[in-house]
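Following: one structure in structure tokens, then a few remarks.
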């Protein structure tokens, strides 16, 4: 499948493809890239899982709804992230809604049938996919741990640190076009606690101006956050987010 | 490898083997069963991951420690559970400590080398292992969701409901030989909140006497819990815990 050159460049720089050459080689030719507007619904909870999704650019919110009407945000995905792993399994459904949070969000979709066939034929590829799934479990477990070991300001700091690695590429300004109540819910805090946490990070050289967050001194932020995490900064060397 | 007949029966009735015939057939002959005393250390955080572990009987606590000395309980495993998935990946270390909580805890260990070799040769087996890893991710994500959508009493109720499926097998009395402060920490609450939650579950027919918990009416408990969960009871049909 022929790709638009800009999308092709974004696709090849995606962490999934950069860190797992076996995945890149096998799957990249089958990826279909698409541009979404803000608030577009990408997939619905319960839909048959027909594609694995890669975020090339922009932001996507993954949410689940309880029967009594509460919504929880189970993921905030940005460039380098993967969602829709249910597509790896036959007869599986997506376990969440996915909706874009920013205009010009670029995603790549890999058809479930293609990926399942390639996995069954290619042991190296299936090993890489297992590593990806395991990284997702570790990440969710780490987030659970942080709910009890970290303060709200530390949880916000950890979220920013991770973005510095995936998004900043040497820059010190992160764009987070995510409304405050959504980011707060994702981090397991109230919007007013998020505001207080931003204030607490100021002395560490973190400045917030609208959707732009400037990180002056990544080392200070790391000292503040990673001492209360059992991974203690080793997440920075993780293969896949 | 010849197994003690009682251990062999426990091994074959483990959910991992019952629900995944491909895993059972390939791995059971290589499983080494072992009996532990209370408070035995099974593996240490950071050790090279040399085995995948199955709980046949008893209770195991998985913990992580932060550099500033906080401990978090990332898992409470009992019969039917699996831990140590790091063994699926080469050069991986265990991401937590594992320690038994009860006397006569029976575990089975499958050597990492054996399992990795079999996975690389057997596409059906690797598909089943991927499903297992994905189930673990879903479980961790669901636990995160519940921290924001459920009350403390509902979270305790959900924990008991899951045990009713894996442990009770028709019986209505669950044995949970886990100290109150450990169970409370695992469920993300204070010990006094756990006591209050037990009181709140009384009208639903849940009676606590020491380490024995009697569940009179599972339907009432389900109504109380599952309405605040996006899985809404479908976890009961999940293949692997």
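Residue numbers (the working numbering), protein chains in the order written: chain A, 45 to 285; chain B, 45 to 285. Glycine is no exception: its CB is placed at the ideal position from the N, C-alpha and C atoms.
Quick check on residue i: buried or exposed, where buried means 16 or more other Cβ atoms within 10 Å of its Cβ?
i, result
"residue 111 of chain A", "exposed"
"residue 224 of chain A", "exposed"
"residue 284 of chain B", "Low local confidence applies: a pLDDT of 35 at residue 284 of chain B is under 50, so the model's placement there is unreliable, with the coordinate-based value given in what follows. Counting Cβ neighbours within 10 Å, residue 284 of chain B comes out buried, since at least 16 surround it."
"residue 268 of chain B", "buried"
"residue 85 of chain A", "exposed"
"residue 60 of chain A", "buried"
"residue 113 of chain A", "exposed"
"residue 241 of chain B", "buried"
"residue 181 of chain B", "buried"
"residue 147 of chain B", "exposed"
"residue 152 of chain B", "buried"
"residue 198 of chain B", "buried"
"residue 236 of chain A", "exposed"
"residue 69 of chain A", "exposed"
"residue 64 of chain A", "buried"
"residue 184 of chain A", "buried"
"residue 234 of chain B", "exposed"
"residue 254 of chain A", "exposed"
"residue 281 of chain B", "Any reading at residue 281 of chain B needs caution, since the residue's pLDDT is 48, under 50, leaving its predicted position unreliable; the model's value is listed next. Exposed is the call here."
"residue 81 of chain A", "exposed"
"residue 46 of chain B", "The predicted model places residue 46 of chain B with a pLDDT of 47, which falls under 50 and marks its position as unreliable, so this point remains unresolved."
State the CB to CB distance for the pair residue i and residue j, rounded to an integer number of angstroms; the pair is presumed to be in contact (CB under 8 Å).
i, j, result
"residue 202 of chain B", "residue 273 of chain B", "7 Å"
"residue 54 of chain B", "residue 150 of chain B", "6 Å"
"residue 95 of chain A", "residue 66 of chain A", "Actually they are not in contact, since the Cβ atoms of residue 95 of chain A and residue 66 of chain A sit about 20 Å apart, beyond 8 Å."
"residue 93 of chain B", "residue 140 of chain B", "Contact doesn't hold; Cβ gap of about 11 Å is too wide."
"residue 100 of chain A", "residue 123 of chain A", "6 Å"
"residue 83 of chain B", "residue 144 of chain B", "6 Å"
"residue 126 of chain B", "residue 176 of chain B", "7 Å"
"residue 257 of chain A", "residue 218 of chain A", "5 Å"
"residue 188 of chain A", "residue 252 of chain B", "Residue 188 of chain A to residue 252 of chain B, Cβ: 25 Å. No contact."
Kindly indicate which residue of the options has the alpha-carbon position closest to the one of residue i.
i, options, result
"residue 135 of chain A", "A:220, A:64, A:157 and A:119", "A:157"
"residue 228 of chain A", "A:216, A:116, A:131 and A:250", "A:116"
"residue 276 of chain B", "B:190, B:259, B:73 and B:75", "B:190"
"residue 193 of chain A", "B:232, B:92, B:100 and B:63", "B:232"
"residue 58 of chain B", "B:82, B:89, B:80 and B:97", "B:97"
"residue 154 of chain A", "A:239, A:226, A:246 and A:72", "A:72"
"residue 200 of chain B", "B:164, B:178 and B:226", "B:226"
"residue 79 of chain B", "B:266, B:62, B:264 and B:103", "B:103"
"residue 286 of chain A", "B:128, B:222, B:163 and B:196", "An answer regarding residue 286 of chain A cannot be provided, because it is not within the stretch 45 to 285 covered by chain A."
"residue 120 of chain A", "A:52, A:166 and A:220", "A:220"
"residue 75 of chain A", "A:62, A:90 and A:51", "A:51"
"residue 260 of chain A", "A:247, A:238 and A:77", "A:247"
"residue 91 of chain B", "B:142, B:264, B:279 and B:216", "B:142"
"residue 216 of chain B", "B:195, B:279, B:244 and B:249", "B:249"
"residue 186 of chain B", "B:244, B:270 and B:164", "B:270"
"residue 230 of chain B", "B:163, B:166, B:243 and B:196", "B:196"
If the cut-off is 7 Å on Cβ atoms, which residues from the stretch 99–125 of chain A count as contacting chain B, listed in chain order?
108, 109, 110, 111, 112, 114, 116 and 118
Using 8 Å as the threshold, is the stretch 170–181 of chain B in touch with the stretch 99–114 of chain B, meaning 3 or more CB pairs across them?
Short answer: they don't touch.
Against chain B, which members of the stretch 217–238 of chain A pass a CB distance test of less than 8 Å?
229 and 232
What residues in the stretch 237–251 of chain A have a beta carbon less than 8 Å from any beta carbon of chain B?
none
Between the stretch 153–183 of chain B and chain A, which residues of the former have a C-beta closer than 8 Å to a C-beta of the latter?
163, 164, 165, 167, 170, 171, 173, 174, 175, 177, 178, 180, 181 and 182
Determine which residues of the stretch 123–153 of chain A have a Cβ less than 9 Å from any Cβ of chain D, and write them out in chain order.
Here the protein chains are A and B, and chain D is not one of them.
In chain order, what residues of the stretch 183–199 of chain A put their CB closer than 7 Å to some CB of chain B?
184, 185, 187, 188, 189, 191, 192 and 193
Using a Cβ-Cβ cut-off of less than 7 Å, list which residues of the stretch 257–281 of chain A approach chain B; keep chain order.
So the close ones are 271, 272, 273, 274 and 276.
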